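2 protein chains.
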Amino acid sequence: MDVEALRTFVTVAEVGQFQAAADELGVSQQAVSKRIAALERHIEVPLLVRTSRGSRLSLDGQVFLPHAKKVLAAVAQAEQAVRPGSRPLRVDVLNRRIAPAQAVYRFYRSHPEVGLDAVTLSTENAAQAAQAVLEGTVDASFRALPADQVPAGISGERLLDAPLELLVGPGHPLADAPWVRPADLAGHRIWIPGIQPGTEWAAFYRALSDAFGLSIDALGPNFGDEALMDALADSASLATLVGSGDRYLWTQTHDLRRIPLRDPTPVYPHVLLFRSGDQHPVLAALREHLRTTGPRAPHDVWAPSWVDR
Amino acid sequence: MDVEALRTFVTVAEVGQFQAAADELGVSQQAVSKRIAALERHIEVPLLVRTSRGSRLSLDGQVFLPHAKKVLAAVAQAEQAVRPGSRPLRVDVLNRRIAPAQAVYRFYRSHPEVGLDAVTLSTENAAQAAQAVLEGTVDASFRALPADQVPAGISGERLLDAPLELLVGPGHPLADAPWVRPADLAGHRIWIPGIQPGTEWAAFYRALSDAFGLSIDALGPNFGDEALMDALADSASLATLVGSGDRYLWTQTHDLRRIPLRDPTPVYPHVLLFRSGDQHPVLAALREHLRTTGPRAPHDVWAPSWVDR
DNA sequence: TACTTCCACAACCTTCCGTTGTGTCTGGTC
DNA sequence: GACCAGACACAACGGAAGGTTGTGGAAGTA
């Protein structure tokens, strides 16, 4: 049972003759003859009555026609169901740094008609996220993944740079600076708890430390954000780094200062991972949107050398 | 979009791995790979996630699976709809001689569970009836058609012989005979109105006339059965011929005699016409039923030489 | 009778499909 | 840590199926 044969049968039934159906289908009249003959041979019942002035449906053909149409409709519906864009785009927005979530939300606000689901994968590892994209769990994921580590079948585009800011308590020596250079942080203790080894976060802060001679304790024990904020507020030497777009609830409950970093501005580079060749129109629109309106730091920025640019 | 590819996809989705699906479908694992790959290429979306321990559905695959199943169900339903026996057998039973209608009715009484429609085609011509069978307007038709005139694609089986009886008024010389020979009718006027020239009826009565030297007025004007009955009842020389199974309403309202014909018994031979190779089980059952229980005259009968058998 | 229309048949060719053989990757095991 | 087994993909080959052109026959029409 060939779908094309069914389509041919329906066409012949509607136009009433083989030649016209052949023209409509873009094949030769003989091909139509063959398809109909094969279909009739398959179901062992004559469907069309051939006359000298065309063809019309036999009794069985009249019975069969609506069923054939139903099959074709089901086929079209199946194709429609997986057509790019008929399903909301599932984007993995990180929960740790919320810049991607904000950017995706802004995109959604400016294109409210598109289908878009923002989810958060439980994977902390960029490679696992890439795998999830490859497997179709999500359609795209924001990660900081070196371009050469992007697995086959996955494309990556660096679309979002999240500038880092210093977060210190009021007693910190840099608490009143309008901005600081990364190199100024040398000698200060920087604590960024909750980073798991083997993740791109760890690699990022290691690269940052190496680049500016900092002492960042990114792999230490995590006592929770509340404990970190308490420690910052009380300490004259402890600092942490947050994304400039991040909004932490405890910045309102603690007297902390957010100080921009410049010269250069360290940015956490988000690479949007997606399946190579994915035709989803929302994905294309999201990429275009981020390329033009994405909040990338305007002037000299620093990013790990292992991230594509 | 190939139906076999859909079937393969559904099988893989259900059993979870290519090899097992290949076994179930009776093809090689590589063929399954190709089919799935072709399907994914066609809809431009990955449906299955290949792992080292089998395959599972991707997000799009989960969306696609029910649609694929729906297509397969529609295909199965379409095939079922035209399967021989899923539709009642349409049999053309003649209205002029009701022996076929009686025989079909008896068959239906003994097989009440079968689907059977008895209709009466408006064609008076056997060739037209054969054409109607060929075109599927009906599945079978009782006609007296020479075997060599059966068109291509149509098979004929002589299954029903309707013996003729003489119908005369009480004043007819043969009115009190227990039976008569056809040759005895020579010299008597026999009127069989309503026969159209060019029909098998006309040919039958012409053959009957020639065989026994009768004078049958079969092509005369038709004033209606009532007029014929009146004429028979009043006439001392007029007769007509009826099928022995026929029940005419006016045999109860007129004092007429039905006299069997013997030595030999002229029979009107009904050939059941049907499409060659028709697999309809009711057709086969009807043929078998008529072969064994059909009311065929037991001993020497006469039929036109141009009819088979 | 000649002509047109419409479908079927035949021959040829291309394309696609299925098979066998082999490769690669992953996960478990000794 | 290297090996092995399972699972899917790739390559090459053979055959079948479907498409095309060319032709024929049947029925209606001028």
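Protein sequence lines correspond, in order, to chains A and B.
Numbering follows our numbering, in which position 200 of the first sequence is assigned residue number 1349; successive positions increment by one, without gaps.
Numbering follows our numbering, in which position 73 of the second sequence is assigned residue number 1222; successive positions increment by one, without gaps.
We put the beta carbon where it would ideally sit given N, CA and C, even for glycine.
A quick note: this is a predicted structure, and the numbers were derived from the prediction, not measured.
Chain-order list of chain A residues neighbouring residue 1208(B): 1236, 1239, 1284, 1285, 1286, 1287 and 1288, by C-beta distance under 9 Å. Judged by DSSP in its simplified three-state form, residue 1271(A) adopts coil rather than helix or strand.
Taking residue 1260(A) as reference, the option from 1276(A), 1237(A) and 1271(A) with the minimal CA-CA separation is 1237(A).
Considering only 1202(B), 1179(B) and 1215(B), the residue with the shortest C-alpha distance to residue 1196(B) is 1215(B). The Cβ atoms of residue 1171(B) and residue 1177(B) sit closer than 8 Å to each other.
Taking the C-beta atoms as reference points, residue 1291(B) is found nearer than 8 Å to residue 1419(B). Judged by beta-carbon spacing, residue 1328(A) lies beyond the 8 Å limit of residue 1405(A), meaning their Cβ atoms are not closer than that value. In the structure shown, residue 1418(A) falls within a strand segment according to DSSP collapsed to helix, strand and coil. For residue 1190(B), the enclosing alpha helix (DSSP H) covers residues 1178 to 1192.
Neighbours of residue 1150(A) in chain B, taken as residues whose beta carbon is under 7 Å from its own, are 1152, 1224 and 1228 in chain order.
In the DSSP annotation of this structure, residue 1259(B) is not part of any beta strand (DSSP E); the continuous alpha helix (DSSP H) holding it starts and ends at 1248 to 1259.
Contact with chain A is found for residue 1193(B), since one of that chain's Cβ atoms lies less than 8 Å from the residue's Cβ.
In the structure shown, residue 1301(A) falls within a coil segment according to DSSP collapsed to helix, strand and coil.
Judged by DSSP in its simplified three-state form, residue 1359(B) adopts helix. When 8 Å is used as the limit between beta carbons, residue 1217(B) is near these residues of chain A: 1227, in chain order. Going by DSSP, residue 1158(A) is part of no beta strand (DSSP E) but of the alpha helix (DSSP H) stretching over 1152 to 1164.
For residue 1287(A) against residue 1240(A), the beta-carbon gap comes to about 7 Å, under 8 Å, which counts as contact.
Below 8 Å, enough C-beta pairs join the region 1309 to 1324 of chain B and the region 1378 to 1392 of chain B to call them touching: three or more.
Classified as exposed, residue 1268(B) has fewer than 16 neighbouring CB atoms from the shown chains inside 10 Å of its CB. Using beta-carbon distances, residue 1220(A) counts as an interface residue toward chain B, with a partner under 8 Å. Runs of beta strand (DSSP E) with 3 or more residues, each lying fully within the region 1193 to 1232 of chain A, are found at 1197 to 1200 and 1203 to 1206, listed in chain order. Think of a sphere of 7 Å around the beta carbon of residue 1198(B): the chain A residues whose beta carbon falls inside it are 1284 and 1285, in chain order. At the C-beta level, residue 1165(A) and residue 1204(A) come within 8 Å of one another.
Taking 9 Å as the cut-off between beta carbons, the residues of the region 1428 to 1439 of chain A near chain B are 1428, in sequence order. Residue 1291(A) carries a strand assignment under DSSP once its states are collapsed to helix, strand and coil.
Across the structure, residue 1422(B) and residue 1275(B) are spaced so that their CA atoms are roughly 10 Å apart. Listed along the chain, the chain A residues whose CB falls inside 7 Å of the CB of residue 1242(B) amount to none; the nearest CB is some 17 Å away. Within its own chain, the residues whose Cβ lies closer than 6 Å to the Cβ of residue 1256(B), once the five positions on either side in sequence are excluded, are 1435 and 1438, listed in chain order.
The beta-carbon distance between residue 1309(B) and residue 1351(B), rounded to whole angstroms, is 20 Å. This is too long to meet the 8 Å contact definition. DSSP places residue 1316(B) in the strand class (E or B) of the three-state scheme. Under the 8 Å criterion on CB atoms, residue 1164(B) is classed as non-interfacial with respect to chain A. DSSP places residue 1431(A) within a helical segment (H, G or I) once states are collapsed to three. As the crow flies, the alpha-carbon of residue 1264(A) is around 12 Å from that of residue 1258(A). Counting only residues of its own chain and dropping the five nearest sequence neighbours on each side, residue 1293(B) has a CB closer than 7 Å to the CB of 1275, 1349, 1353, 1417, 1418, 1419, 1420 and 1456. Contact with chain B is found for residue 1212(A), since one of that chain's Cβ atoms lies less than 8 Å from the residue's Cβ.
A straight line joining the alpha-carbon of residue 1156(B) with that of residue 1213(B) spans about 12 Å.
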